[in-house]
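Numbering (our numbering), first residue to last: 7 to 390.
So, in structure tokens, the structure goes:
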């Protein structure tokens, strides 16, 4: 099979990342909105994480699957690129939450005892706190999903092994991945007594597996031939996904529809994607990781200050105050992106590039003396 020519960046699904992050943010902040009623769509906001997980499988397959299948894959370089992508901001927000909690305690305010859980700190530092290795959900709690992502990154060669062999049968791959997701969701809930989509530090590493696999499988369909009517497919998929969440249908239905939305948007050529491929939309997608990771620190700070300023000891904020705090979240995230995430990622990748250049010079010298060069994994892989 000759793969279709694909752009280096899939702008429409980059923009989708921001929507997923804000879905999670509204879900997180909803409890602080005075008079907020029940909303099925908001209540399912935790599924924004599932959307991220499916996206992760799709995008990493787009960037690395062929290289892995054709034995051109540098596992060490891949992992270094992943660390450069997620680790600096993870550590920065962990420290930020710690400082905010310490300041609150110093000011005589109450703080959940689990936030500054020293017993959970080692697992957080090594990004294994979603593997059942942390006693409590401490520090920057949303980072459990980064730990789950790290598990998927480590297992990527296994995902690539399976899905590269299914590249000639993409429909079978999608059907198999969807069936795996449905069966796992059902069996897990029967055994654990709660949905896998609600798991965090105990089963977060397992939670990502069916979603990541679904993303890999959907990429096979895209790789063979993007959808013929992507705008129509995207509109239908989005509408059904929102309806499924709003009606409180079984989470597996919403996740599968999210996968269909991702495939539909990926099938949109950048030149035909309209506002989804615009610079503002893509920029918001680029800062989506920061939006997600600063959500809890910003909530702790902004809601706490607003509650004091507007005399709301129960932290129930009026609609305009609540909206202002939510609207400022992307601004805070943009600051985080430009001060921490982006420069730290560049520094780590530059470090790998310099090491690779030194190795290239050594290899050239060895070749001049008749020695065979040794392959060295670098961190120069594209960042998904």
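The beta carbon of each residue, even a glycine, is placed where N, CA and C say it ideally should be. Bear in mind the structure is a predicted one, so any value in this text is a computation, not a measurement.
Which same chain residues end up closer than 7 Å to residue i when comparing Cβ atoms and leaving out the 5 residues on each side of it in sequence?
| i | result |
| --- | --- |
| residue 270 | 233, 236, 239, 240 and 243 |
| residue 218 | 59, 62, 63, 158 and 165 |
| residue 17 | 276, 279, 282, 283 and 288 |
| residue 322 | 38 and 40 |
| residue 36 | 42 and 48 |
| residue 107 | 117, 121 and 122 |
| residue 56 | 203, 217, 261 and 264 |
| residue 258 | 187, 188 and 191 |
| residue 73 | 79 |
| residue 246 | 263 |
| residue 8 | Confidence in residue 8 is poor, its pLDDT being 43 and thus under 50, which makes the residue's placement too unreliable to answer from. |
| residue 179 | 169, 172, 223 and 226 |
Note down the Cα distance separating residue i from residue j, rounded to an integer number of angstroms.
| i | j | result |
| --- | --- | --- |
| residue 104 | residue 144 | 10 Å |
| residue 87 | residue 318 | 44 Å |
| residue 291 | residue 24 | 5 Å |
| residue 146 | residue 299 | 8 Å |
| residue 43 | residue 297 | 25 Å |
| residue 69 | residue 265 | 18 Å |
| residue 66 | residue 327 | 39 Å |
| residue 196 | residue 345 | 45 Å |
| residue 342 | residue 134 | 23 Å |
| residue 128 | residue 101 | 13 Å |
| residue 115 | residue 21 | 38 Å |
| residue 33 | residue 77 | 42 Å |
| residue 229 | residue 79 | 18 Å |
| residue 255 | residue 309 | 31 Å |
| residue 45 | residue 193 | 28 Å |
| residue 293 | residue 113 | 32 Å |
| residue 253 | residue 99 | 34 Å |
| residue 316 | residue 119 | 26 Å |
| residue 363 | residue 349 | 21 Å |
| residue 268 | residue 132 | 30 Å |
| residue 174 | residue 75 | 13 Å |
| residue 311 | residue 15 | 40 Å |
| residue 330 | residue 130 | 31 Å |
| residue 71 | residue 332 | 37 Å |
| residue 111 | residue 231 | 57 Å |
| residue 361 | residue 295 | 28 Å |
| residue 109 | residue 167 | 48 Å |
Leaving out five residues before and five after residue i in sequence, what residues of the same chain have Cβ atoms less than 6 Å from its Cβ?
| i | result |
| --- | --- |
| residue 96 | 149 and 152 |
| residue 251 | 47, 50 and 260 |
| residue 216 | 186, 187 and 190 |
| residue 313 | 321 |
| residue 125 | 141 |
| residue 136 | 150, 153, 154, 207, 210 and 211 |
| residue 324 | 40 |
| residue 2 | Because residue 2 is not part of the residues shown, which for the chain are 7 to 390, the question remains open. |
| residue 205 | 213 |
Please return the same chain residues whose Cβ sits closer than 8 Å to the Cβ of residue i, not counting the five positions on each side in sequence.
| i | result |
| --- | --- |
| residue 138 | 207, 208, 209 and 211 |
| residue 285 | none |
| residue 199 | none |
| residue 160 | 85 |
| residue 307 | 106 |
| residue 334 | 304 and 308 |
| residue 248 | 47 |
| residue 201 | 191, 194, 195 and 257 |
Assuming residue i contacts residue j under a Cβ cut-off of 8 Å, what Cβ separation, rounded to an integer in Å, is found between them?
| i | j | result |
| --- | --- | --- |
| residue 154 | residue 213 | 6 Å |
| residue 84 | residue 162 | 7 Å |
| residue 274 | residue 226 | Their Cβ separation, rounded to whole angstroms, is 18 Å, which puts residue 274 and residue 226 out of contact at 8 Å. |
| residue 347 | residue 94 | 7 Å |
| residue 19 | residue 272 | 5 Å |
Is the beta carbon of residue i within less than 8 Å of some heavy atom of the ligand FMN?
| i | result |
| --- | --- |
| residue 52 | Ligands displayed in this structure: none; no statement on the ligand FMN is therefore possible. |
Examine chain C for any beta-carbon lying closer than 9 Å to the beta-carbon of residue i, and answer yes or no.
| i | result |
| --- | --- |
| residue 239 | Checking the listed chains, one finds no chain C in this structure; it contains a single protein chain. |
task: Decide if the segment 171-186 is in contact with the segment 220-229; the criterion is three or more beta carbon pairs, one per stretch, under 8 Å apart.
output: yes
- request: Determine, using beta-carbon pairs with one atom in the segment 44-59 and one in the segment 16-31, whether at least three such pairs fall under 8 Å.
  value: yes
message: Give the list of continuous alpha helix (DSSP H) stretches no shorter than 4 residues that lie fully inside the segment 171-203.
response: 176-198
task: Could you say if the segment 299-308 and the segment 333-341 meet the contact criterion of at least three C-beta pairs nearer than 8 Å?
output: yes
task: Report the residue ranges of all alpha helix (DSSP H) runs contained in full by the segment 284-328; include only those spanning at least 4 residues, in chain order.
output: 285-292 and 294-315
query: In the segment 89-177, which residue ranges form an unbroken alpha helix (DSSP H) of at least 4 residues, counting only runs that do not cross its ends?
result: 127-131, 150-160 and 162-170
query: Where in the segment 206-288 do unbroken runs of the alpha helix (DSSP H), each at least 4 residues long, occur, reported from the N-terminal end onward?
result: 210-230, 236-252 and 257-272
task: Would you mind listing the alpha helix (DSSP H) stretches within the segment 23-52 that are 4+ residues and don't spill past its ends, in chain order?
output: 46-49
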